[in-house]
Structures are given as C-alpha cells and as structure tokens.
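Q:
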Amino acid sequence: MRRELTFLLALWKANLLSAMEYRAAFISQVIGMMLNNAVYFAFWVIFFDRFQEVRGWGLDEMLLLFAVVAVSFGLGVYLFGNVMRIAEAIANGRLDYYLSLPRPVLLHLLASRSIASGFGDFLYGLICFAVAGRWTPDAVARFVVGSLLSMIVFLSFLILVQSLAFWMGSATLVSAQAANALLTFSLYPITLFDGTAKFLLFTILPAAFIGAVPAEFVRTFSWSTLAHLLLAASLLLTLAVALFQRGLRRYESGSAIQVQV
Amino acid sequence: MSRRGLKYWAIFKTQLINGFAYPGDLLARSLSIIIFLWVFLFLWRTTYRAVGQERIAGLSLRDTLWYLMLAETIVLSKPRLSSTIAEAVRDGSIAYLLNKPYNFLLYQLSVGLGDSILRLAFNALAGGLLVGLTVGPPPPLWGWPLTLVTVIAAWLIDFCIAATIGLTAFVTEDVAAFEWIYQKVTFILGGLLIPLDFFPAWLQAVAQALPFAYTVYGPARLFVEPDGGRFVTLLLTQGAWLAALGMLLALLYRKGVTWLTINGG
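So the protein sequences, as listed, match chains D and W.
Per my numbering, the very first residue in the first sequence carries number -15; after that it's consecutive.
Per my numbering, the very first residue in the second sequence carries number 1351; after that it's consecutive.
(1) Can you grab the Cα-Cα spacing for the pair Thr1414 of chain W / Phe228 of chain D, in whole Å?
(2) Given a cut-off of 8 Å, decide if Arg39 of chain D and Thr1396 of chain W are closer than it, judged by their beta-carbon atoms.
(3) Does the segment 52 to 65 of chain D come into contact with the segment 1572 to 1592 of chain W, if we say contact requires no fewer than three beta-carbon pairs (one atom in each stretch) closer than 8 Å?
(4) Just list the alpha helix (DSSP H) runs in the segment 94 to 118 of chain D, keeping only unbroken ones of 4 residues or longer that don't cross its boundaries, in chain order.
(5) Confirm, please, whether the CB-CB distance from Phe1548 of chain W to Phe177 of chain D is below 8 Å.
(6) Might you give, ordered along the chain, the residues of its own chain that have their beta carbon closer than 7 Å to the beta carbon of Phe268 of chain D, omitting 5 neighbours on each side?
(7) For Trp1494 of chain W, does the three-state DSSP call read helix, strand or coil?
(8) Taking 8 Å as the threshold (C-beta atoms), are Val23 of chain D and Lys1357 of chain W in contact?
(9) Going along the chain, which residues of its own chain have a beta-carbon closer than 7 Å to the beta-carbon of Glu1529 of chain W, five neighbours each way excluded?
(10) At the level of alpha carbons, what is the spacing between Leu287 of chain D and Val89 of chain D?
(11) Under 7 Å: does the beta carbon of Leu142 of chain D sit that close to some heavy atom of the ligand GTP?
(12) Taking one C-beta from the segment 1474 to 1488 of chain W and one from the segment 1414 to 1430 of chain W each time, how about it: are there three or more such pairs within less than 8 Å?
(13) Between the segment 184 to 196 of chain D and the segment 92 to 108 of chain D, do three or more beta carbon pairs fall short of 8 Å?
(14) Does DSSP put Ile1406 of chain W in a helix, in a strand, or in coil?
(15) In the structure shown, what three-state DSSP assignment does Leu23 of chain D receive?
(16) Pull up the DSSP beta-bridge partners for Val67 of chain D, would you.
(17) Given a cut-off of 8 Å, decide if Leu1560 of chain W and Leu1585 of chain W are closer than it, judged by their beta-carbon atoms.
(18) By DSSP's criteria, Trp41 of chain D is part of a beta bridge. Which residues make up the other side?
(19) How long is the line joining the alpha carbons of Pro1545 of chain W and Tyr1567 of chain W, rounded to whole angstroms?
(20) Please check if any C-beta of chain W sits within less than 8 Å of the C-beta of Leu176 of chain D.
(21) Mind pulling the chain D residues with CB within less than 7 Å of Phe1392 of chain W?
(22) Considering only residues of the same chain and omitting the five flanking positions on each side of Glu200 of chain D, which have a CB-CB separation below 7 Å?
(23) Is the beta carbon of Gly16 of chain D sitting closer than 8 Å to the one on Gly102 of chain D?
(24) Could you tell me the alpha carbon to alpha carbon distance between Ser140 of chain D and Ala216 of chain D, rounded to whole angstroms?
(25) Counting only Cβ pairs nearer than 8 Å, list the residues of chain W close to Asp33 of chain D.
(26) Looking at C-alpha atoms only, which residue of D:Gln13, D:Glu72 and D:Val53 is the closest neighbour of Ser134 of chain D?
(27) With 16 as the cutoff for other CB atoms within 10 Å, does Gln1403 of chain W come out buried or exposed?
(28) Below 6 Å CB to CB, which residues in the same chain sit around Phe1472 of chain W once its five sequence neighbours on both sides are set aside?
(29) Anything in the segment 1359 to 1381 of chain W with a Cβ closer than 8 Å to a Cβ of chain D? List those residues in chain order, please.
(30) To the nearest angstrom, how far is it from the Cα of Leu1543 of chain W to the Cα of Ala1570 of chain W?
(31) Assess, as a yes-or-no matter, whether the segment 1435 to 1444 of chain W is touched by the segment 1485 to 1494 of chain W under the definition of 3 or more beta carbon pairs within less than 8 Å.
(32) Using the Cβ count rule (16 or more neighbours within 10 Å means buried), how would you classify Tyr1398 of chain W?
(33) Looking at C-alpha atoms only, which residue of D:Arg203, D:Gly231 and D:Ser96 is the closest neighbour of Ala123 of chain D?
(34) What number of angstroms, rounded off, separates the C-alpha of Ile99 of chain D from the C-alpha of Leu1496 of chain W?
(35) Could you tell me the alpha carbon to alpha carbon distance between Tyr81 of chain D and Ile74 of chain D, rounded to whole angstroms?
(36) Once you ignore the five residues that flank Val55 of chain D on each side, which residues in its own chain have a CB closer than 7 Å to its CB?
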C-alpha cells in the first residue's frame, strides 16, 4: 500500500513538472475552466432570480452542489487524467506499456496523465464552497469527506463503463455518453426527479452519489447519508477494479510499437 | 453555380455522403440530446407546476420544451471547427492546406456543413420524438422551412466566431479556454439553457445586442411562434452580424497567414 502511494506521488510530481514546462498553457486552461464554470452557473442565478426555489432547492443548495461536483470531478481528472481514455487505450492496444512494468496496471494507467483544466474545476469548487458560507470546521470536514467519496464514485463508474471495451472492442462513444449523462444529471437538484428516473440516478447511473447525496451530507450531518455514500463508493470501486482485472485477462495487443512520452 | 461554388458544393456533398457510412455513430451521438431534453423536461415541468401558471413570459410548457429541442439541435449539430482550425495552425498542417486550390476557410465551412446536416436530422428526430411524446405536437409545419433558413444563417455566424477563435492559435497556440468560454456564453446569452424571455429585462437587452442570441435563440423562438415579420427581422439581423463577423474573420485570416511560423517539417 505504501509502495503504491509512493509510486502515485512520483507520478503526480512528474505530471506537475511536465505541466510546468508549458506554464502559460496550464494557467490559461485553469483560468479558462474557472470562467467557463462561472458562466455556466449564471444559468442558475438567472433561474432562481425568476423562480426563487424549486422543490426546496434554491441558489444556496446549487452552490453546494456545484462545489462538491466541481471538486470531485476536477480532482479526479487532474490526478487520474487517463480515466477518460481507458476505452481508447484498450482498443488501441496501449495497455502493453503498463503491462510490461512491475506496477499496478490500472493505477499506473489512470495516474499517467493529468488534465490541467481539472485543477480549474477544483479551484472553482473551492470558491463555490467559500461563497456558500459554511465555514465551520465540521462543515469543512464534511465537504472534504463528501467530495472524496463523490470522486471515488465518479472514477469507479467511468472505469466500469470503459472496461466494457475489453468485450465490445470500441466503447469510446458509449463511455463518452455515459460520462456526459453522469455529469449532466449530477448537476441538477435531485428533487426534480421522481419514480423511475430517481431510481436510475441511485443505481445504473449513480449521479445522485456524485452530486445530491454528498451535497446533502455537507449541508447536514447524518449517519445514514454517510453510510449510503460509503457503501456506494466502496461497492462501485470494488466492482470497477474487479471488472477491469477480469477484462485484462481478455486483453489482446496488436503488438504495435509503443513509445510513452 | 460558378466553378468556384461547384468546388465547395462537391466538398459539402462528399462530407454528407461520408456521414451516411456511419449511421450507428450518428444514432449513438443523438443520445446526448435525449439526455439533455430529459433533464429539461423534469426541470421545466416541475417549475411550471410550482409557479402554477399556464404561461411564463408568454411561453407554455409545450413551447418551452419545443424551443429547447430546437436550441439543443442547433448547438449539438453545428460544426465544431475551432479546435480543427487551431490544430491545423499548431501542428503546421495548415501550410499544406494553404497551397491547395481552395480557400482554407471555405473548405472548412463546406466540410463542417456537410457534417452538420445529417446530425441535424438525427438530433431533431430523436429530440422531437421525446418532446412530442411527452408534451404534445410540434409547432405549425409551415414555420419549419423558415426556421431551417435561419438555422443555416445561425451556423454561418457561429462559423465566423468559431473560426476566429481557431485562428487566434496563430498568436496563442492553445485555444481551448476561449472555446469553452464561447460555448458557455452561447449556453446563457445565446439562450440554449433558458429562453431569453425568462431573463430580467436588462439582461434581455444585453443579450439581444450581441450576436450569440441570433445563433440559438432567434431560430428556436421563430420555430415555436412562426411569423413572417419575425422571420424577416431575424434574417436581416443575422445578415448584419454575418457581414461584420465575416469581415473580421477575413482580416484576421489574412494577417494570420503572414504571421504563420512552421516549426520543423
């Protein structure tokens, strides 16, 4: 475990040093993403200016929701940037490189890339949390725990969906659509959905565990919300790792010459 | 059609035919519109119920959903050219395209439109089915051809803005940040996420004074409430923006080509 952590830290350090070689591009992506998110949030400012609240959700609730989702998504793609490219790596036979080295394949693959704009999302999430004004130590602790569990759910779901590439060949489009749906649904108030839609958001497309449930946990502490979050995160992570490992046994490379830059 | 026009028509047609080769791909892509419209359906149905009014700012729930269907169709089907052009500038491949017997920008426009027409059909079909089945029949049929004309004009305005962003790669090399911001400005000031009618009056005035409203809101609003006068006014405004942004693009392109530096070969 300690060995893996040291390895992860070394990869993140290498990613950061590489990003700093193109400092202007890194900074422009970070600032650009923060502005991008701010403009997107303007929708909710306009919406609640006109309608005040919808089923118990107002601007404050949306700020906390955006804070949690932006931090978890941002940190996820900044630290494990290849999570968006697993299907592509499988289809193109790019796992050969990772298989030939004495390190955990999935962890190595995920952390080998860093998406700079994710850092912008992360900072934007922190700003949203600060603006929401819940600055008590226990709220900060809940925010950290909620965001980390949300990140685990997000990463695990993407690993699960993209691992389908081991069986389907090309799963790039399916994964892109699944990621798109997950993010879209996680950024809307959960109270909008009822019946089947709500059931889907807690199961097949676990967007509720990325946005609404952790945001609710940040708002008010409850053992049952924490238990639900922990259960969802651990279950999905176990499933994701198991499916990836199972798929790895089916992996066939095209023996293409690979150069890792 | 002149010989020059025929050349770009042929590029457009080739790209269009190319699209028919991947119907599965097109179908899978139209899943996006279903996802977005499904979320909007829940959001606006709940909002209309909460407000307890049949119409908000002159739009019924059915109008709002059909408006959003067309707005999403326009944006999800439009050519995505900023990054293509920026990539050609950054990796130097523009140098190989510049000496071909066509205008680089018109070539990109023909390719982009060829890609978009089929996407438009698939997105409109998928989105239309969902909205039709959930909130009721579409707006009157006679307004559809008028809307289509304004959608093409909207794409041309969008092309001028997107290509201008792409060409800034001559100076900045990376244009991703500009692209995101333009996309999100379209979401709000273009009226993609919410019709401008729901904005406070001052923001409506700001949005109407900018070109983004004529790339999404204008055609989508005409679609739900077709009217000859509205069509003419919209088309004239689109024409004025197209002339202004087209000139800016041509100027930037001419300057950019003289700045072009190719690293290696």
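Don't be surprised by glycine CBs; every beta carbon is placed ideally from N, CA and C.
A: Looking at the coordinates:
(1) By one-based count along the second sequence, residue 1414 of chain W stands at place 64. By one-based count along the first sequence, residue 228 of chain D stands at place 244. Each residue's alpha carbon lies about 43 Å from the other.
(2) Counted from its first residue, the second sequence places residue 1396 of chain W at position 46. Counted from its first residue, the first sequence places residue 39 of chain D at position 55. Contact: yes.
(3) no
(4) 100 to 116
(5) In the first sequence, counting from the first residue as 1, residue 177 of chain D sits at position 193. In the second sequence, counting from the first residue as 1, residue 1548 of chain W sits at position 198. No; because the gap between Cβ atoms is not below 8 Å, this pair is not in contact.
(6) No answer is possible for residue 268 of chain D: the residues shown for chain D start at -15 and end at 245.
(7) Reading the second sequence from its first residue, position 144 is the one you call residue 1494 of chain W. Helix at Trp1494 of chain W.
(8) To locate residue 1357 of chain W, count along the second sequence from 1; it is residue 7. To locate residue 23 of chain D, count along the first sequence from 1; it is residue 39. No, they are not a contact pair.
(9) Position 179 of the second sequence, counting from 1, holds the residue named residue 1529 of chain W. Cβ within range, chain order: Ser1432, Ser1433 and Ile1515.
(10) The displayed coordinates of chain D run from -15 to 245. Any statement about residue 287 of chain D would go beyond what the structure contains.
(11) Of the ligands one can find in the structure shown there are none, so the ligand GTP has no counterpart to examine.
(12) yes
(13) no
(14) As a first step, residue 1406 of chain W must be located in the second sequence, where it is residue number 56. The answer is strand: DSSP assigns Ile1406 of chain W an E or B state.
(15) One-based indexing of the first sequence puts residue 23 of chain D at position 39. Strictly speaking, residue 23 of chain D in this sequence is Val, with Leu absent from that position. Note: Val23 of chain D maps to helix in three-state DSSP.
(16) Locating residue 67 of chain D in the first sequence gives position 83, counting from the first residue. Paired residue(s): none; Val67 of chain D is not in a bridge.
(17) If you number the second sequence from 1, residue 1585 of chain W lands on position 235. If you number the second sequence from 1, residue 1560 of chain W lands on position 210. Their beta carbons are not under 8 Å apart, which means Leu1585 of chain W does not touch Leu1560 of chain W by this criterion.
(18) Within the first sequence, residue 41 of chain D is the residue found at index 57, counting from 1. Paired residue(s): D:Val38.
(19) Stepping through the second sequence from its first residue, residue 1545 of chain W is reached at position 195. Stepping through the second sequence from its first residue, residue 1567 of chain W is reached at position 217. When rounded, the distance between both Cα atoms is 7 Å.
(20) Indexing the first sequence from 1 puts residue 176 of chain D at position 192. Yes, Leu176 of chain D counts as interfacial toward chain W.
(21) Within the second sequence, the letter at position 42 stands for residue 1392 of chain W. Per Cβ cutoff of 7 Å: Leu176, Phe177 and Ala181.
(22) Within the first sequence, numbered from 1, the residue matching residue 200 of chain D stands at position 216. Excluding residues within five positions, the ones whose Cβ falls inside 7 Å are Thr209.
(23) Residue 16 of chain D sits at position 32 when you count from the first residue of the first sequence. Residue 102 of chain D sits at position 118 when you count from the first residue of the first sequence. Going by C-beta atoms, Gly16 of chain D is not nearer than 8 Å to Gly102 of chain D.
(24) Here residue 140 of chain D corresponds to residue number 156 of the first sequence, with the count starting at 1. Here residue 216 of chain D corresponds to residue number 232 of the first sequence, with the count starting at 1. If I take the Cα positions, the gap works out to 10 Å.
(25) Here residue 33 of chain D corresponds to residue number 49 of the first sequence, with the count starting at 1. By Cβ distance, chain W contributes Pro1550.
(26) Residue mapping note: residue 134 of chain D aligns to position 150 of the first sequence, counting from 1. Looking at the Cα atoms, D:Val53 is the closest of the given residues.
(27) By one-based count along the second sequence, residue 1403 of chain W stands at place 53. When all chains shown are included, Gln1403 of chain W counts as exposed.
(28) In the second sequence, the residue the question calls residue 1472 of chain W occupies position 122. Hits under 6 Å: Leu1376 and Ser1380.
(29) Asp1375, Ala1378, Arg1379 and Leu1381
(30) Your numbering for residue 1543 of chain W matches position 193 in the second sequence. Your numbering for residue 1570 of chain W matches position 220 in the second sequence. Taking the straight line from one Cα to the other gives about 12 Å.
(31) no
(32) As a working note, residue 1398 of chain W is residue 48 in the second sequence. Under this definition Tyr1398 of chain W is a buried residue.
(33) On the first sequence, residue 123 of chain D is found 139 positions in, with the first residue counted as 1. When only C-alpha atoms are compared, the closest one is D:Arg203.
(34) Within the first sequence, residue 99 of chain D is the residue found at index 115, counting from 1. Within the second sequence, residue 1496 of chain W is the residue found at index 146, counting from 1. So the alpha carbons of these two residues sit roughly 43 Å apart.
(35) The residue you call residue 81 of chain D lines up with position 97 of the first sequence. The residue you call residue 74 of chain D lines up with position 90 of the first sequence. Rounded to whole angstroms, Tyr81 of chain D to Ile74 of chain D spans 11 Å at the Cα level.
(36) To locate residue 55 of chain D, count along the first sequence from 1; it is residue 71. Within the same chain, Val55 of chain D has close Cβ partners Phe106, Gly109, Leu110 and Ser131.
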